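**Q** These protein sequences, in sequence, are chains A and B. The letter at position 149 of the first sequence is residue 149 when you use the working numbering, and the numbering goes up by one with no holes. The letter at position 268 of the second sequence is residue 268 when you use the working numbering, and the numbering goes up by one with no holes. Where is the CB? At the ideal position from N, CA and C, for every residue including glycine. These figures come from a predicted structure and were not determined experimentally.
Number of protein chains: 2
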Amino acid sequence: MAASKSTDRVTAAVLVIGDEILSGRTQDTNIRTIATFLAPLGVQLAEARVVSDDQDQIVMALNALRSRCDYVFTTGGIGPTHDDITADAVAAAFGVSIDVRDDARALLQAWYDKQGTEFTPARMRMARIPDGAELIANPVSVAPGFQIGNVFVMAGIPSVVRGMLEDVPHRIKGGMVVEARTVSATGAREADLAPALSELAAAMPDLSFGSYPWMRPGTPDAPRFGVNLVVRGADPDALDAAEQELADLIRNAGGDVAGPDDTPGSNA
Amino acid sequence: MAASKSTDRVTAAVLVIGDEILSGRTQDTNIRTIATFLAPLGVQLAEARVVSDDQDQIVMALNALRSRCDYVFTTGGIGPTHDDITADAVAAAFGVSIDVRDDARALLQAWYDKQGTEFTPARMRMARIPDGAELIANPVSVAPGFQIGNVFVMAGIPSVVRGMLEDVPHRIKGGMVVEARTVSATGAREADLAPALSELAAAMPDLSFGSYPWMRPGTPDAPRFGVNLVVRGADPDALDAAEQELADLIRNAGGDVAGPDDTPGSNA
Numbered sequence: 001m002a003a004s005k006s007t008d009r010v011t012a013a014v015l016v017i018g019d020e021i022l023s024g025r026t027q028d029t030n031i032r033t034i035a036t037f038l039a040p041l042g043v044q045l046a047e048a049r050v051v052s053d054d055q056d057q058i059v060m061a062l063n064a065l066r067s068r069c070d071y072v073f074t075t076g077g078i079g080p081t082h083d084d085i086t087a088d089a090v091a092a093a094f095g096v097s098i099d100v101r102d103d104a105r106a107l108l109q110a111w112y113d114k115q116g117t118e119f120t121p122a123r124m125r126m127a128r129i130p131d132g133a134e135l136i137a138n139p140v141s142v143a144p145g146f147q148i149g150n151v152f153v154m155a156g157i158p159s160v161v162r163g164m165l166e167d168v169p170h171r172i173k174g175g176m177v178v179e180a181r182t183v184s185a186t187g188a189r190e191a192d193l194a195p196a197l198s199e200l201a202a203a204m205p206d207l208s209f210g211s212y213p214w215m216r217p218g219t220p221d222a223p224r225f226g227v228n229l230v231v232r233g234a235d236p237d238a239l240d241a242a243e244q245e246l247a248d249l250i251r252n253a254g255g256d257v258a259g260p261d262d263t264p265g266s267n268a
Numbered sequence: 001m002a003a004s005k006s007t008d009r010v011t012a013a014v015l016v017i018g019d020e021i022l023s024g025r026t027q028d029t030n031i032r033t034i035a036t037f038l039a040p041l042g043v044q045l046a047e048a049r050v051v052s053d054d055q056d057q058i059v060m061a062l063n064a065l066r067s068r069c070d071y072v073f074t075t076g077g078i079g080p081t082h083d084d085i086t087a088d089a090v091a092a093a094f095g096v097s098i099d100v101r102d103d104a105r106a107l108l109q110a111w112y113d114k115q116g117t118e119f120t121p122a123r124m125r126m127a128r129i130p131d132g133a134e135l136i137a138n139p140v141s142v143a144p145g146f147q148i149g150n151v152f153v154m155a156g157i158p159s160v161v162r163g164m165l166e167d168v169p170h171r172i173k174g175g176m177v178v179e180a181r182t183v184s185a186t187g188a189r190e191a192d193l194a195p196a197l198s199e200l201a202a203a204m205p206d207l208s209f210g211s212y213p214w215m216r217p218g219t220p221d222a223p224r225f226g227v228n229l230v231v232r233g234a235d236p237d238a239l240d241a242a243e244q245e246l247a248d249l250i251r252n253a254g255g256d257v258a259g260p261d262d263t264p265g266s267n268a
């Protein structure tokens, strides 16, 4: 795949396919799973999209993303039912044919034989693979994903996504690993940190600084609000220095530096 | 805004702005919040995108989405810090100027006066509003969002998004209300339901049918897997009929119909 050095910026996009997510019935978690899986490999998520189970929408989004990013990861729509149209849409996007393929069929046949389950035409749908694709192993439920060009086509079920990702690292060439450090302030207002944060960001232009306020139901003796200051970059020494600067900045503004981020995964 | 009848399809897109989501540090929940808020108003989420804190990316995505959908909702990047660039990017996308505006400044001034907090230049940043926009009230933390054309610009903090959405319904004209009904099967395999589901979908073309398998850690006496069958449509009578057909279909395939969806909000 792409030749890259450890100082190159290598990017990926996620394309989530499913009316289920757009309707709000299901909360997507795959974007975050993929982002955190790729980061240590030196691949940064640059964009994510959610589109409906519609071939034109999938083709348009996939073609935009695969030309713009080094890698694209799709989730959803590769099961056995009539609304599973991702494999056909991906074949259409690449302009290749698609049919049941022997290697995929053999995997499924062995699995259903072992379970004593009938290998029905619906199940056979999951062996449809675009011409020229390589299979991605599914350690959870066998039905494979596939890679075609720089696009990795995976299932929608989060546990299956996590399983399929294990078959990805040897296929990609990462670049610069961007690490994030969080310094969490309790009882501080974002706007009171803003001037010093802006100066710090200007003074350390190789790092990227973000400020993420949070609020939550409070108790009389615990602050109800705070700010997570996040610094991202590739140089551990610079990150160490920035982390110290962020802690000083919070204390200078009258806030308390909390331990490891106490609002992980949510800014609610 | 758009003139629409109750039989028209009215669509919206969500544009989530933030390195914070793309890095995987924070789990987005705003897409789902907005989708479920709009559905009863007759507005269907047609697409969602997550882009980084980069003006070119924001402008490009916003211009694509606002021409394609009836409404666009952005979240994130309207706070007081250097990385809050959404208002400027939206102004650029619309080709209008942006400056501190008196009505927004007055709201903030009154709030900070009441709290005895200094109205600093950083806080003044939150009064920057593109020319021609209307403010969106923020009942949580006062700093307003704004509407310009068919675009609603909101904060990133989920509780503030929920608050700002309350100031939205009177500004939009919804169309057909699409309702979803879920019939949950435990101990059924998606592929065993697929043939009958496909026939049902063909027989009821005004409805949209989806099939969403799930897996979870099981106990010896409880199935570890199942399928949520979801039917969406605008006609309550047709939905009632479809719901009954889905229950029959599950029982005919040897599965059990569960009570109200017992895996809400997750397909893990």
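Can you find the residues in the same chain that come closer than 6 Å, C-beta to C-beta, to Tyr112(A), ignoring five residues on each side of it along the sequence?
**A** Cβ neighbours of Tyr112(A) beyond the five flanking positions: Phe119.
**Q** What's the gap between the Cα of Ile250(A) and the Cα of Thr74(B)?
**A** Their backbone Cα atoms lie some 29 Å apart in a straight line.
**Q** Quick one: using the 10 Å Cβ neighbour count with 16 as the cut-off for buried, is Glu47(A) buried or exposed?
**A** Buried, because 16 or more other Cβ atoms sit within 10 Å of the Cβ of Glu47(A).
**Q** Do Arg181(B) and Glu243(B) have their C-beta atoms within less than 8 Å of each other?
**A** Result yes, Cβ atoms of Arg181(B) and Glu243(B) sit closer than 8 Å.
**Q** Mind checking which residues open and close the beta strand (DSSP E) that includes Thr75(A)?
**A** Here the beta strand (DSSP E) through Thr75(A) covers 71–75.
**Q** Please state whether DSSP places Ala185(B) in a helix, a strand or coil.
**A** It is a strand residue.
**Q** Counting only Cβ-Cβ distances shorter than 8 Å, please list the residues of the segment 208–237 of chain B near chain A, keeping chain order.
**A** Hits within the stretch, in order: Ser208, Phe209, Gly210, Ser211, Tyr212, Pro213, Trp214, Met215, Val230, Arg232.
**Q** Please classify His82(B) as buried or exposed, where buried requires at least 16 neighbouring CB atoms within 10 angstroms.
**A** His82(B) is buried by the Cβ-count criterion.
**Q** Among residues of its own chain, excluding the 5 on either side of Ile148(A), which ones have a beta-carbon nearer than 7 Å to its beta-carbon?
**A** Around Ile148(A): Val90, Phe94, Pro130, Gly132, Ala133.
**Q** Could you tell me the boundaries of the alpha helix (DSSP H) in which Ser159(A) lies?
**A** Unbroken alpha helix (DSSP H) run through Ser159(A): 158–165.
**Q** Given that Ser52(B) touches chain A, what residues does it touch there, using C-beta distances under 8 Å?
**A** Chain A residues near Ser52(B): Ala46, Glu47.
**Q** Using a cut-off of 9 Å between C-beta atoms, extract the partners of Ile31(B) located in chain A.
**A** Correct list: Ile21, Leu22, Gly24, Gln27, Asp28, Val50.
**Q** Residues of chain B with CB closer than 7 Å to the CB of Glu166(A), please, in chain order.
**A** Under the 7 Å cutoff, chain B gives no residues; its nearest Cβ is about 17 Å from Glu166(A).
**Q** Give, in chain order, every residue of the segment 120–139 of chain B whose Cβ lies closer than 7 Å to some Cβ of chain A.
**A** Going along the segment 120–139 of chain B in chain order, one finds Thr120, Ala122, Arg123 with a Cβ nearer than 7 Å to chain A.
**Q** Go to Gln27(B), then tell me how far its beta strand (DSSP E) extends in each direction, as first and last residue.
**A** It is not in any beta strand (DSSP E) - Gln27(B) carries neither H nor E in the DSSP assignment.
**Q** Answer with yes or no whether the minimum CB distance from Asp83(A) to chain B is below 8 Å.
**A** So yes, Asp83(A) belongs to the interface.
**Q** To the nearest angstrom, report how far apart Asp8(A) and Ala137(B) are at their CA atoms.
**A** Rounded to the nearest angstrom, the two C-alpha atoms are 43 Å apart.
**Q** Does the Cβ-Cβ distance between Thr33(A) and Pro158(A) come in under 8 Å?
**A** In this structure, Pro158(A) lies closer than 8 Å to Thr33(A) by Cβ.
**Q** Taking all protein chains shown into account, decide if Gly255(A) is buried (16 or more other Cβ within 10 angstroms of its Cβ) or exposed.
**A** Buried: at least 16 other Cβ atoms inside 10 Å.
**Q** Using the beta-carbon count (16 or more within 10 Å), is Asn30(A) buried or exposed?
**A** Asn30(A) comes out buried.
**Q** Below 9 Å between beta carbons is the criterion; list the residues of the segment 184–196 of chain B that meet it against any residue of chain A, in chain order.
**A** Those would be Arg189, Glu190, Ala191, Asp192, Leu193, Ala194, Pro195, in chain order.
**Q** Taking its Cβ as the centre, do 16 or more other Cβ atoms sit within 10 Å of Asn228(A), making it buried, or is it exposed?
**A** Buried is the call here.
**Q** Of all Cβ atoms in chain B, is any one closer than 8 Å to the Cβ of Ile157(A)?
**A** Yes, its Cβ sits closer than 8 Å to a Cβ of chain B.
**Q** Sort out for me which residues DSSP pairs Trp214(B) with in a bridge.
**A** Trp214(B) is bridged to Gly226(B).
**Q** Would you mind reading off the limits of the alpha helix (DSSP H) that contains Arg251(B)?
**A** Start and end: 236–252.
**Q** Can you tell me the Cα-Cα spacing of Pro80(B) and Trp214(A), whole angstroms?
**A** Cα-Cα distance, rounded: 14 Å.
**Q** Does the beta carbon of Ala39(A) sit closer than 8 Å to a beta carbon anywhere in chain B?
**A** It does: the Cβ of Ala39(A) has a partner Cβ on chain B nearer than 8 Å.
**Q** Quick check on Ala61(A): does DSSP put it in helix, strand or coil?
**A** DSSP places Ala61(A) in helix when its eight states are reduced to three.
**Q** Can you give the Cα-Cα distance for Thr86(B) and Asp237(A), rounded to whole angstroms?
**A** The alpha-carbon atoms of Thr86(B) and Asp237(A) are separated by roughly 31 Å.
**Q** Interface residues of chain A around Thr36(B) at Cβ under 9 Å?
**A** In chain order: Ser23, Gly24, Arg25.
**Q** Buried or exposed for Asn267(A), going by 16 or more other Cβ atoms inside 10 Å?
**A** Bear in mind that the predicted position of Asn267(A) carries a pLDDT of just 43, short of 50, making it unreliable; the figure below should be weighed with that in mind. By the neighbour-count rule (16 or more Cβ atoms within 10 Å), Asn267(A) is buried.
**Q** Hey, is Ala180(B)'s beta-carbon within less than 8 Å of any beta-carbon in chain A?
**A** Closer than 8 Å to some Cβ of chain A, the Cβ of Ala180(B) qualifies, so yes.
**Q** Ignoring anything shorter than 3 residues or poking outside the segment 77–118 of chain A, list the beta strand (DSSP E) runs there in chain order.
**A** You should have 98–100.
**Q** Nearest to Tyr212(B) by CA position, among Gly210(A), Tyr71(A), Ile78(A), is which residue?
**A** The shortest C-alpha separation from Tyr212(B) is found at Ile78(A).
**Q** Under a Cβ-count criterion, where at least 16 other Cβ atoms within 10 Å of its own Cβ denotes burial, should Ser52(B) be classed as buried or exposed?
**A** Buried, since its Cβ has 16 or more Cβ neighbours within 10 Å.
**Q** Going by other Cβ atoms of all chains shown within 10 Å of its Cβ, with 16 needed for buried, is Arg68(A) buried or exposed?
**A** Arg68(A) should be labelled exposed.
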